[in-house]
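Quick note on this note's numbering: the sequence shown kicks off at 888 and runs consecutively. Quick reminder that beta carbons are idealized off the backbone N, C-alpha and C, glycines included. Bear in mind the structure is a predicted one, so any value in this text is a computation, not a measurement. What follows is a set of notes on a single structure, which appears directly below.
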Amino acid sequence: MDSSCFLFSKEVSDKLEVYYGLIKSWQNKYNLIGSSTLKNTWERHFIDSAQLFSLLPEEKKKSFVYDIGSGAGFPGMVLAIMGRKDIILCESNAKKCNFLEEVKKKTGANVIIDNIRAEALPLNSAVAVTARAVSSLSTLLKISLPLLSKNGVCIFPKGINWKKELLFAQKRFHIDYKLVKSITSEKSSIIVINEARKKNA
């Protein structure tokens, strides 16, 4: 897939440039991203995250988008920089939360950063849950489903093993889903889950 046609506004591009600068300056200390992807951060991380924006449901009062295991802020920080005002970055590593707070400060992103494990989040409070490079689909569903409010969705970008992960998850869950092709890798897909429930043992 060709991601070269993906365009950010100048305001968003400028903020992402600041974000990129912070990643470079904090990388050696906190190992935020794979070192091999640092030079390709725009496509590998920024555009890969940004493609989720159009898949998110409308914002709702007192309901949030949880980005669990946010790490360096992908995809949630990028989505917030693009204009979402309901993103909560959930990260259990306090040092990475410090980095995310610095990105928030320097970019002006309207985002909440929570030093918390996903299992401790309030139930039935999310219009959507996202996670990128965190865990298997089956594990993500186990964590995410209790967090969703009515009609909430899960949006999980997955890499080369997405088919295996989906088949494994379907052994444990009844899943209503759709696949969206990734624009950054023809071997990757975004799994959008509208509904899922655990199968009886």
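DSSP lists no bridge partner for alanine 1020.
In terms of Cβ geometry, alanine 981 and asparagine 1002 form a close pair [threshold 8 Å]. One thing to note: leucine 939 has its Cβ within 8 Å of the Cβ of leucine 966. Shown here for glutamate 946: same chain residues with a beta carbon closer than 6 Å to its own, the five before and five after excluded, namely Asp973 in chain order. Out of Leu1066, Lys993, Gly956 and Glu904, the CA that lies nearest to the CA of asparagine 927 is found in Glu904.
Residue state for arginine 931 is assigned as helix, using DSSP reduced to three classes.
For the stretch 970-1035, the continuous alpha helix (DSSP H) assignments of 4+ residues that do not extend past its boundaries occur at 981-994 and 1024-1031, in sequence order. Counted as a single uninterrupted DSSP element, the alpha helix (DSSP H) harbouring leucine 966 occupies residues 963-968. Lysine 1051 has its alpha-carbon roughly 39 Å from the corresponding atom of glycine 995.
For tyrosine 1064, DSSP records a beta bridge to Ile1080. Beta-bridge partners of aspartate 901 (DSSP): none assigned.
For proline 1009, the number of other beta carbons within 10 angstroms of its own is below 16, and it is reported as exposed. Burial is judged here by how many other beta carbons sit within 10 angstroms of a residue's own beta carbon; glutamate 1006 has fewer than 16 and is exposed. An exposed status is given to glutamate 1073, since fewer than 16 other beta-carbon atoms sit within 10 Å of its beta-carbon. The three-state reading of DSSP puts glycine 1039 in strand, counting E and B together. Counting along the chain, phenylalanine 951 sits inside the beta strand (DSSP E) bounded by residues 951-955. If you draw a straight line from the Cα of tyrosine 953 to the Cα of leucine 976, it is about 6 Å long.
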